[in-house]
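Take a look at the structure set out below.
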Amino acid sequence: MTRFDLLLIAAPFVSAWVFLTSITGAPVFNSSLSTPRVLRLNPPGIPTNHAIPALNAPQDASPPINTRAPSIKQSRPKSDNIVFFPEWHPASAVMVSWLDFDLYYTDLVMKLTRKNQVQIIVDSANQKDHVQTLLSLNRVDPAMVTFYTCIIDDVWIVDYSPLYITVSNQPILVDMKYFRTLDDHFPEFLGAVTGLSVQPMPLVLEGGNVMTDGHGNCFTTTEILAQNPDYSESQIRDFVLSYIGCSRLHILKKLSDGTGHIDMYAKLLHEDLMLVGQYEIADKEYEILEYNTRYIENLISCTGRRYTVFRIPMPGSPGDYMTYTNSLIVNDQVFVPVYDLPEDSIALCIYHDAMPGYEIVPVVAVDPIFAGGAIHCTTKIVPQWNASSLPLQESPKASGK
Numbered sequence: 002m003t004r005f006d007l008l009l010i011a012a013p014f015v016s017a018w019v020f021l022t023s024i025t026g027a028p029v030f031n032s033s034l035s036t037p038r039v040l041r042l043n044p045p046g047i048p049t050n051h052a053i054p055a056l057n058a059p060q061d062a063s064p065p066i067n068t069r070a071p072s073i074k075q076s077r078p079k080s081d082n083i084v085f086f087p088e089w090h091p092a093s094a095v096m097v098s099w100l101d102f103d104l105y106y107t108d109l110v111m112k113l114t115r116k117n118q119v120q121i122i123v124d125s126a127n128q129k130d131h132v133q134t135l136l137s138l139n140r141v142d143p144a145m146v147t148f149y150t151c152i153i154d155d156v157w158i159v160d161y162s163p164l165y166i167t168v169s170n171q172p173i174l175v176d177m178k179y180f181r182t183l184d185d186h187f188p189e190f191l192g193a194v195t196g197l198s199v200q201p202m203p204l205v206l207e208g209g210n211v212m213t214d215g216h217g218n219c220f221t222t223t224e225i226l227a228q229n230p231d232y233s234e235s236q237i238r239d240f241v242l243s244y245i246g247c248s249r250l251h252i253l254k255k256l257s258d259g260t261g262h263i264d265m266y267a268k269l270l271h272e273d274l275m276l277v278g279q280y281e282i283a284d285k286e287y288e289i290l291e292y293n294t295r296y297i298e299n300l301i302s303c304t305g306r307r308y309t310v311f312r313i314p315m316p317g318s319p320g321d322y323m324t325y326t327n328s329l330i331v332n333d334q335v336f337v338p339v340y341d342l343p344e345d346s347i348a349l350c351i352y353h354d355a356m357p358g359y360e361i362v363p364v365v366a367v368d369p370i371f372a373g374g375a376i377h378c379t380t381k382i383v384p385q386w387n388a389s390s391l392p393l394q395e396s397p398k399a400s401g402k
């Protein structure tokens with residue numbers, strides 16, 4: 002079955018869902034307002050002489066924001082003073098870049114704003130008006146939303162956003178290289194509007210391809226080697242140690258999904274708890290995930306224990322690269338992508354088993370997944386800088402081991 006066949010099958014269900022939600026107070030969608038599809042795979046080239054985008058202040062009545070030029074640090078931080086925040090660290094807000102996928106973003110922001118502040122990046126006043134109209138139709142509390150205007154290329158905000166670290170308890174935005182010119186300047190924009198220092202790092206490292214436990218253990222895939230051919234593996238390890246405090250960098254095998262990112266098949270749920278996708282034995286990439294799982298199970302975590310690994314289905318036909326690991330942990334909630342498939346209920350049960358005490362929130366992610374990503378790819382956690390990481394309740398033994 003092809004990707005097109007799946008879309009034909011899913012279309013009646015999605016249409017029915019849109020109708021039902023429009024009369025029940027869930028997302029209301031006006032398709033006439035939709036903007037062009039933003040594709041993650043095979044992106045169009047951006048001219049190398051493209052102008053650097055202006056650093057624009059937020060377009061709302063929020064408190065005054067510092068819009069001076071960002072402070073750019075030139076020297077490396079000392080790695081022994083670095084804290085690189087894990088995803089379960091307390092969050093102050095969630096950022097999204099809303100350029101497309103209106104039905105998806107409306108549902109996501111509705112669910113996020115029930116408990117969380119959301120910062121929405123738009124690329125024009127017209128787009129801001131469009132998004133505000135959708136949120137108003139769906140009765141989203143405007144006090145839970147802040148808008149910022151920045152000229153960007155795409156919606157995959159986790160990839161081009163800076164990494165949040167502290168160095169000797171001082172907040173720093175680490176700016177990695179990114180292949181789209183406009184998106185590559187987004188960390189400078191954040192540095193300008195927040196007044197935080199920006200630390201350039203000379204590596205191509207997209208946010209969807211790095212996970213940390215906050216204690217120096219980091220995970221990525223072999224894509225980091227492919228994207229940085231001018232550096233040896235030893236040099237790459239030295240960079241991630243000195244810039245983001247990864248004293249132990251575990252490089253796993255990547256899938257052929259077009260991104261090579263770890264968040265497409267794995268998720269670090271807590272210090273010694275990992276979620277890894279699982280294909281059917283007949284799938285051509287089955288053994289890649291089995292190899293990665295065996296590798297993780299043999300590691301010693303920062304707690305002194307081996308990692309507990311939960312397995313979760315990788316749904317859809319081979320080559321579709323639907324994933325349930327592309328989720329988002331926000332304080333005491335986990336937002337999980339679902340696809341109107343039978344495996345959805347299995348995936349949600351696995352999250353409930355793995356993360357007791359968390360509210361598991363499903364979000365239909367059919368639109369973004371066929372462009373190359375899901376919830377984690379389209380969001381970015383803004384941390385509470387001075388908070389301690391949240392503990393995880395004792396979970397049962399992993400199923401499927």
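In this note's numbering, each residue's number is its place in the sequence shown (first place is 1) plus 1.
Each residue gets a CB set at the ideal place from its N, CA and C atoms; glycine is no exception.
Quiz prompt | C350 - containing alpha helix (DSSP H), residue span | solution = E344 to A355
Exercise. State the Cα-Cα distance for the pair S346 and T134, rounded to the nearest angstrom.
Key: 32 Å
Quiz item: Do K112 and V339 have their C-beta atoms closer together than 8 Å?
Solution: no
Quiz item: Residue range of the beta strand (DSSP E) that Y244 falls in?
Solution: Y244 -> not in any beta strand (DSSP E); alpha helix (DSSP H) instead, spanning E234 to I245.
Self-check item: Residue environment, E189, which counts as buried when at least 16 other CB atoms sit within 10 Å
Solution: buried
Exercise. Mark C303 as exposed unless 16 or more other C-beta atoms lie within 10 angstroms of its C-beta, in which case mark it buried.
Key: exposed
Quiz item: Which residue's Cα is closest to the Cα of R307: Y296, L164 and V367?
Solution: Y296
Exercise. Leaving out five residues on either side along the sequence, give the residues of the same chain with a beta carbon under 6 Å from the beta carbon of Y161.
Key: Y179, D184 and F187
Practice problem: Apply the 10 Å Cβ neighbour rule to A407 and answer buried if 16 or more other Cβ atoms are within range, or exposed otherwise. | Solution: For residue 407 there is no data in the structure shown, the boundaries of the chain being 2 and 402.
Quiz item: What are the start and end residues of each continuous beta strand (DSSP E) run of 3 or more residues lying completely inside the stretch 284 to 319, in chain order?
Solution: 309 to 314
Quiz prompt | 6 Å Cβ shell around Q334 - same chain, five flanking residues per side excluded | solution = E360 and V362
Quiz item: Quick one, are the C-beta atoms of L300 and Y266 less than 8 Å apart?
Solution: no
Quiz item: Which whole-angstrom value describes the C-beta separation of V310 and V337, a residue pair presumed to lie in contact below a C-beta threshold of 8 Å?
Solution: About 18 Å separates the two Cβ atoms, so there is no contact after all.
Self-check item: Alpha carbon of L270 to alpha carbon of L349, nearest angstrom
Solution: 14 Å
Quiz item: Under 8 Å between the Cβ atoms of T147 and Q120?
Solution: yes
Quiz prompt | G358, buried or exposed, once every other Cβ within 10 Å from all chains shown has been counted against 16 | solution = exposed
Quiz item: Run through DSSP, which three-state label would I152 get?
Solution: coil
Exercise. At 3 residues or longer, and completely inside the stretch 155 to 243: list those beta strand (DSSP E) runs for me, N to C.
Key: 164 to 168, 171 to 178, 198 to 205 and 218 to 222
Quiz item: For G374, which option in K285, T326, I382 and P203 has the closest C-alpha, if you only look at C-alpha atoms?
Solution: T326
Quiz prompt | Beta-bridge pairing of P384 - partner residues as DSSP gives them | solution = A92
Self-check item: For I370 and M315, believed in contact at Cβ under 8 Å, the rounded distance
Solution: Incorrect: roughly 12 Å between the Cβ atoms, too far for contact.
Quiz item: Mind checking whether V110 and L138 have CB atoms under 8 Å apart?
Solution: no
Quiz item: With distances taken from CA atoms, which of C151, Y232, I313 and Y149 is nearest H353?
Solution: I313
Exercise. Taking M202 and M177 to be in contact with their CB atoms under 8 Å, please state how far apart those CB atoms are, rounded to whole angstroms.
Key: 5 Å
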